[in-house]
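**Student:** Residue numbers 313 to 570, in the numbering used here, belong to the letters of the sequence shown in order.
Backbone N, C-alpha and C fix where the C-beta goes; we use that ideal spot for every residue, glycine too.
Can you read through this structure? Questions will come right after.
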Amino acid sequence: MIRFDDGAAYERSMGLWSRPAGEVFLDWLAPPPGLAWVDVGCGNGAFTELIMQRCAPAAVDGIDPSEGQLAFARARSGAAGARFHQGDAMALPFADRSRDAATMALVIFFVPDAAGAVAEMARVVRPGGIVSTYVWDFATGGFPWGVVQEEVRAVGGAPLLPPGLGVERLEALRDIWAGAGLCDLVTCEITVQRRFADVADFWDSVACNTSLRPTMATLPADRIALMKRRVEARVRIEADGAVVHSAKANAIRGCVPG
């Protein structure tokens with residue numbers, strides 16, 4: 313099981329990807345100001361912070377099961393004013409039709425029942441409100457560290473994977489949103505690129521990833537060295553030594569009818 317208890321490690325490994333993807337997602341979503349938001353599976357508050365900074369919300373509530381992640385979220389200066397709660401995506405602690413927007417950022421394939429979680433988001437959003445998500449496209453190699461996962465497997469490792477893989481496909485997202493009774497469905501694909509100072513910077517970020525770190529710790533040094541050579545042969549390394557790498561996410565939005 314992939315555990316997300318270390319907000320700082322998540323920030324180093326995934327925050328540098330989730331922020332640019334989240335910025336593109338919010339630009340595409342184009343929500344009006346003054347909304348009351350729920351950020352489901354808010355983790356260390358990276359996306360909650362973006363909502364606060366870019367959407368002029370009336371209120372934002374972040375929900376996550378990990379108190380370690382929430383502690384990091386509460387310490388974010390950019391998320392000041394947001395409220396963070398330990399809770400379950402399958403049982404949101406809000407009344408029916410009490411919020412204007414509910415979203416999941418890079419979370420939907422971690423919840424035990426994606427359809428149930430989306431139905432729960434729809435429950436707490438008023439008629440005309442927005443229910444949305446964006447999620448890494450594992451199916452087409454869009455996960456930021458997908459190339460590393462592939463090469464870890466090639467040298468005999470078994471990287472941890474989200475339990476709900478498959479729900480990130482656009483057709484699956486459409487089915488889930490439609491099944492929750494949401495209307496006016498719109499999807500998009502998000503591509504982001506990051507530049508690492510050098511190969512060492514790239515690997516330092518990989519080493520913080522909670523899906524790769526446990527598996528890499530079990531591999532002997534020669535297997536790790538081989539895996540790194542294989543990865544470095546596949547990623548783009550600039551003349552100045554910088555590593556330029558891309559990732560892709562799928563996104564969907566829908567409205568609560570009425």
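Compute the Euclidean distance between the alpha carbons of residue 396 and residue 512, then round it to the nearest angstrom.
**Tutor:** Going from the Cα of residue 396 to the Cα of residue 512 covers about 35 Å.
**Student:** Going by CA-CA distance only, name the one from 400, 375, 563, 453 that's closest to residue 501.
**Tutor:** The option with the nearest alpha carbon to residue 501 is 563.
**Student:** Return helix, strand or coil for residue 466, following the three-state DSSP convention.
**Tutor:** Helix at residue 466.
**Student:** Please report the straight-line C-alpha distance between residue 426 and residue 468, rounded to a whole angstrom.
**Tutor:** Rounded to whole angstroms, residue 426 to residue 468 spans 31 Å at the Cα level.
**Student:** Of the residues 378, 404, 544, 569, which one's Cα is nearest the Cα of residue 460?
**Tutor:** Of the listed residues, the one whose Cα sits closest to residue 460 is 544.
**Student:** Does the region 490-509 come into contact with the region 430-442, if we say contact requires no fewer than three beta-carbon pairs (one atom in each stretch) closer than 8 Å?
**Tutor:** They touch, by the three-pair rule.
**Student:** Spell out the partners DSSP gives residue 351 in its beta bridges.
**Tutor:** Answer is 374, 415.
**Student:** Can you give the Cα-Cα distance for residue 331 and residue 354, rounded to whole angstroms?
**Tutor:** If I take the Cα positions, the gap works out to 13 Å.
**Student:** Compare the Cα-Cα distances from residue 514 to each of 522, 555, 521 and report the closest residue.
**Tutor:** Residue 514 has its Cα closest to that of 555, out of 522, 555, 521.
**Student:** Just confirm the distance between the C-beta atoms of residue 382 and residue 398, as a whole number of angstroms; I'd bet it's less than 8 Å.
**Tutor:** The pair is a contact, with the Cβ atoms about 6 Å apart (cut-off 8 Å).
**Student:** Along the chain, where does the alpha helix (DSSP H) that runs through residue 430 open and close?
**Tutor:** Note, residue 430: alpha helix (DSSP H), 426-436.
**Student:** Please state whether DSSP places residue 455 in a helix, a strand or coil.
**Tutor:** Correct three-state label for residue 455: coil.
**Student:** Please classify residue 394 as buried or exposed, where buried requires at least 16 neighbouring CB atoms within 10 angstroms.
**Tutor:** Buried, because 16 or more other Cβ atoms sit within 10 Å of the Cβ of residue 394.
**Student:** Is the CB-CB distance between residue 412 and residue 437 below 9 Å?
**Tutor:** Taking 9 Å as the Cβ cut-off, residue 412 and residue 437 qualify as a contacting pair.
**Student:** What is the rounded straight-line gap between the Cα of residue 546 and the Cα of residue 557?
**Tutor:** Using only the alpha carbons, I get a separation of about 10 Å.
**Student:** Tell me the DSSP secondary structure of residue 447 in three-state form.
**Tutor:** In the structure shown, residue 447 sits in a strand (DSSP, three-state: E or B).
**Student:** I'd like the list of long-range same chain contacts for residue 343, defined as Cβ closer than 7 Å, with 5 residues on each side in sequence excluded.
**Tutor:** For residue 343, where only same-chain residues beyond five positions count, the Cβ hits under 7 Å are 367, 413, 442.
**Student:** Are residue 416 and residue 445 close, meaning C-beta to C-beta below 9 Å?
**Tutor:** Yes, Cβ-Cβ distance for residue 416 and residue 445 is below 9 Å.
**Student:** Pull up the DSSP beta-bridge partners for residue 366, would you.
**Tutor:** In DSSP, residue 366 forms no bridge with anything.
**Student:** From what residue to what residue does the alpha helix (DSSP H) around residue 536 run?
**Tutor:** From DSSP, the alpha helix (DSSP H) with residue 536 extends over 533-546.
**Student:** Could you check the C-alpha separation between residue 322 and residue 523 for me, to the nearest Å?
**Tutor:** Going by the C-alpha atoms only, they are around 11 Å apart.
**Student:** Residue 506 by DSSP, collapsed to three states: which one?
**Tutor:** Strand.
**Student:** Work out the CA separation of residue 553 and residue 536 for me, nearest whole Å.
**Tutor:** Near 21 Å, if we compare the C-alpha coordinates of residue 553 and residue 536.
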